[in-house]
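Report on the structure given below.
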Amino acid sequence: MRKSLIATLATLGIFTAPLAAASAIEIQVNNTMSEGGSESAAVERFAEYLEEQAPGRFDVRPFLAGSLGGENAVLELLNLGQTQISITGGNWRQQYAPEYDAITVPFVFSTWDEVDAYMESPSGQRLIEIAEEKGGLKYFGTQHRGPRHMTANKAIHSPEDLDGFRLRLPSLPVWLEVWGEIGAQVVNVPAPEIYLAMQTGQVDGHENSLSSPYTRRLWEVQDHIIMTSHVMFPWNWVASKRWWEGLDEEDQALITEAIHVARQHGTERERELDEFYLEELQKEGMTVIEPDVEPFRQAALPAIERILSEMADGVMEDALGSDD
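Numbering (the numbering used here), first residue to last: 74 to 397.
Take a look at the structure:
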C-alpha cells in the first residue's frame, strides 16, 4: 500500500528507518487516502523539504490509506502523543468544536479564500483553540481539495430542476437538511453502491468531488456534471501537541516551514488533478453545466440560517458576512 512512496523516499535518502541515526526525529504523517493523490504528493514534498534543509535530522514515515486507523482513531493517537502529524479531514471540527463548524454546511462558502478567511476569523480561531484544549492538536492550516459538485442524469440549471430529483447523499444531517430545503429528494446509499443505484434508477444523481465520477466511471450511468462547488472541504495539517511541545524551537520552526511548503504543493497538485478529471469526463461524453449558483444558495438559505443560528455566537456573522 505504501511501498511505492516509501521507495521514492528511500531513494532520496529520506526514509531510512533501519539506518536512521539515533538522533533522527521520527515523524509519522497520517492520511486516509491511498498513494497517488495530492495527499501523498504533499507528504513526499514535506519529507523532501526537511531532508533538503537538515539532512538526516528527520525520519519521515508516511502512513497512508488509514493504515493506523480512520480519522477518529488517528485523532486519539495524536491526543495521546502516539503519532505525530495527520493530514485530516473534517472530523476534528465535528469531534471537538461542532458549534464552530460552518465549513461543513453546503453553500456557505464558494471559494477557498472564504474558507481560509473563516479560519482566520474569531470563530475559526476559537475552533482551533478548542481543538487544542480538548484534542491536544496543534493546527497548521488547510490544504485545498477539489470542491464538491453534482452529477445528474439530466440537465440541472436551477433549484426548480431538482423538484423530485433523487439525490444520493452521505448520512450527514446538515447536508440532508440543506439539500432537502433546496427541493431535492435526498436518498442515503452506501458509497460502494453508488454506481448500481444510478444504473437501476434508485437515484438520479449524486454529489462529490470530480474524482468520484472519474474513478467510479459514472459517465456510463450519468450524463451531466453540475459545477455547484457547494462544499469546500479542506484537508487540515495538525500535529500532536504533546509531541510538538517536546521539540526544540529550531526543529519546530523547520517543521512549520516544511508543512507550509507541503500544503502549497498538495494544493497545486489537487488543482492539476481536478483539471485532469474534468477533461477526461468530458472526453467520455459528460456535459459540463456551470449554473448560476446564487439561486441554489438562496433556496438553501433558510436551512443554512437555521443550522448556523444553533451554533456558537458569532458563527453566522463570521461565516455569511455582514451582507447576509
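Idealized CB from N, CA, C, for every residue including glycine.
In the structure shown, N281 adopts extended strand secondary structure according to DSSP, grouped into three states. Note that the C-beta distance between G278 and M223 is below 7 Å. The three-state secondary structure of A264, taken from DSSP, is helix.
The DSSP-derived three-state label of G214 is strand. For P286, the three-state secondary structure derived from DSSP is helix. Taken in chain order, the unbroken stretches of beta strand (DSSP E) that lie wholly in the region 295-380 and span 3 residues or more are 297-304, 308-313, 360-362.
For the pair W308 and R379, the Cα-to-Cα distance works out to about 26 Å. Within the model, the alpha-carbon separation for T273 versus V262 is close to 13 Å. Separation of the CB atoms of V276 and L249 is rounded to 14 Å, and the pair is thereby denied contact status at 8 Å.
A distance below 7 Å between beta-carbons, with the five flanking residues on each side excluded, links V294 to the following residues of its chain, in chain order: Y268, M271, Q272. Ranking G214, Y287, V259, V247 by CA distance to the CA of A331 puts G214 first. If you ignore the 5 residues before and after G253, its C-beta comes within less than 7 Å of the C-beta of V259, all in its own chain and listed in chain order.
Between I160 and W310 the beta-carbon gap is near 6 Å, inside 8 Å, which marks them as a contact.
Taking C-beta separations shorter than 6 Å and ignoring five residues to either side along the sequence, the partners of M384 in its chain run E172, following chain order. The DSSP-derived three-state label of I201 is helix. Q101 carries a strand assignment under DSSP once its states are collapsed to helix, strand and coil. Around the beta-carbon of E280, 16 or more other beta-carbon atoms lie within 10 Å, marking it buried. Take L150, set aside five residues on each side of it, and the residues of its chain with a beta-carbon closer than 7 Å to its own are L141, T156, in chain order. Judged by their CB atoms, W317 and K211 are nearer to each other than the 7 Å cut-off. If you draw a 10 Å sphere on the C-beta of K356, you find fewer than 16 other C-beta atoms in it, and that means exposed. Each residue's CA atom was taken as its position, placing L153 and Q101 some 14 Å apart. Put simply, of G339, Q325, P286 the residue whose alpha carbon is nearest the alpha carbon of E108 is G339. Relative to the Cα of N103, the nearest Cα in the group V116, V388, R315 belongs to V116. M305 places its beta carbon less than 7 Å from that of F182. Bridge partners of R241 according to DSSP: V260, H279.
Using a Cβ distance threshold of 7 Å, M389 and W292 do not count as a contacting pair. Taking 7 Å as the cut-off, the beta carbon of A257 is found no closer than this to the beta carbon of A204.
Within the same chain, and ignoring the five residues on either side of D189 in sequence, the residues whose Cβ sits closer than 7 Å to its Cβ are T215. With fewer than 16 neighbouring CB atoms inside 10 Å of its own CB, S382 falls in the exposed class. Here R221 carries a strand assignment [DSSP, helix/strand/coil]. Between V247 and T177, the beta carbon gap of about 6 Å places them in contact (Cβ cut-off 8 Å).
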